[in-house]
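Its first residue numbered 1, the sequence shown is counted upward by one per residue in the working numbering.
Just so it is clear, CB atoms sit at the ideal spot from N, CA and C, and this is done for glycine as well.
These notes are about the structure you will find just below.
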Amino acid sequence: MSSTSLDAAALDLLFLEARSHNGWKPQPVDEALLRRAVDLAKMGPTAANSSPLRVVFVTSAAAKEKLRPCLSPGNVEKTMTAPVTAILAFDPAFYDRLPKLFPHADARSWFAGQPHAEPAARMNAALQAGYLLLALRGLGLDTGPMSGFDAGACDAAFFADGSARSFMLTNIGHGDPAKLFPRSPRLDFEEMASFA
Ligand SMILES: Cc1cc2nc3c(=O)[nH]c(=O)nc-3n(C[C@H](O)[C@H](O)[C@H](O)COP(=O)(O)O)c2cc1C
Numbered sequence: 001m002s003s004t005s006l007d008a009a010a011l012d013l014l015f016l017e018a019r020s021h022n023g024w025k026p027q028p029v030d031e032a033l034l035r036r037a038v039d040l041a042k043m044g045p046t047a048a049n050s051s052p053l054r055v056v057f058v059t060s061a062a063a064k065e066k067l068r069p070c071l072s073p074g075n076v077e078k079t080m081t082a083p084v085t086a087i088l089a090f091d092p093a094f095y096d097r098l099p100k101l102f103p104h105a106d107a108r109s110w111f112a113g114q115p116h117a118e119p120a121a122r123m124n125a126a127l128q129a130g131y132l133l134l135a136l137r138g139l140g141l142d143t144g145p146m147s148g149f150d151a152g153a154c155d156a157a158f159f160a161d162g163s164a165r166s167f168m169l170t171n172i173g174h175g176d177p178a179k180l181f182p183r184s185p186r187l188d189f190e191e192m193a194s195f196a
């Protein structure tokens, strides 16, 4: 299984040619692709298989209008014109699913009522958000992740029952290359990694 690796074209699609997009072609996004992306992303690893990410795919004009007042000014136009905007949230009571997700141990008791439950939910949901971005790219879609929004306002609008807490948005669609900023540099290996 691990003896194969992705070819250069696949690595380009996922990493080297993929960009964070700011503008969108009018082409719609098939709901089936969004479902496939979630089904791929959910297979990525999380602590104790805790899987705390919850996603709302905002596609209707009415739901987009609910999101509009939550957005930072610089994120309004790109979000309102994107075919889909995903609200990425974590389930603060994610541990209630652990009897299903980690049935061979009492993993619920490792988190329920513990101060490290929320940091764990945030970290693992953020990992899953990354898996989702790469899954979407792998299925031929473009993304534009954003943290420039009012999470409290977003939660009041979309998760009034407290079932999830948003931490990130991502626009999804077919990106307009004309609206890309120049690619920013990355750190060199030695600046971000070492061997010990
Ligand atoms: C968690 C996260 C939050 C971001 N927030 C915003 C944002 O609020 N607005 C925006 O225009 N871009 C935002 N970005 C996009 C980043 O600036 C972009 O991913 C980064 O510069 C790399 O660009 P590239 O993928 O095109 O190389 C965000 C990206 C991530 C992953």
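- In whole angstroms, what separates the C-alpha of residue 169 from that of residue 100? Cα-Cα distance, rounded: 28 Å.
- Cα-Cα separation between residue 5 and residue 65, rounded to whole angstroms: Whole-angstrom Cα-Cα distance: 43 Å.
- Message: Using a Cβ-based criterion (distance less than 7 Å to any ligand heavy atom), does residue 168 qualify as near ligand 1?
- Response: yes
- N-terminal and C-terminal residue of the beta strand (DSSP E) that residue 57 is part of: 53-58
- Item | Outcome for residue 106 when other beta-carbon atoms lying within 10 angstroms are tallied against a minimum of 16 | Exposed, by the Cβ-count rule.
- Note down, in chain order, each residue of its chain lying with its Cβ closer than 7 Å to the Cβ of residue 78, except the 5 sequence neighbours on either side. 22, 23, 144, 171
- Closer than 8 Å to chain C by CB, residue 176: Although the question refers to chain C, the structure presented lacks it and comprises just one protein chain.
- Query: Shortest alpha-carbon distance to residue 234 belongs to which of 95, 150, 125, 142?
  - Reply: What the structure shows of the chain is the stretch from 1 to 196, and residue 234 is not part of that stretch, so it cannot be assessed.
- If we ignore side chains and look at the alpha-carbon of each, how far apart do residue 37 and residue 139 end up? 7 Å
- Message: What would DSSP say about residue 84, mapped onto helix, strand or coil?
- Response: Strand, per DSSP.
- Item | Runs of beta strand (DSSP E) lying entirely within the stretch 153-188, each at least 3 residues, in chain order | Here the runs fully enclosed are 165-173.
- Close-in-space but distant-in-sequence residues of the same chain around residue 141 (CB under 6 Å, 5 per side omitted): These residues qualify, in order along the chain: 172.
- Message: Just verifying my parser: in three-state terms, what is the DSSP assignment at residue 74?
- Response: helix
- Item | Inter-stretch contact at 8 Å, needing at least 3 Cβ pairs: the stretch 120-130 / the stretch 83-103 | With the cut-off at 8 Å, the stretch 120-130 and the stretch 83-103 touch.
- Determine the extent of the beta strand (DSSP E) in which residue 142 is found, giving its start and end residues. Residue 142: member of the beta strand (DSSP E) spanning 142-146, first to last residue.
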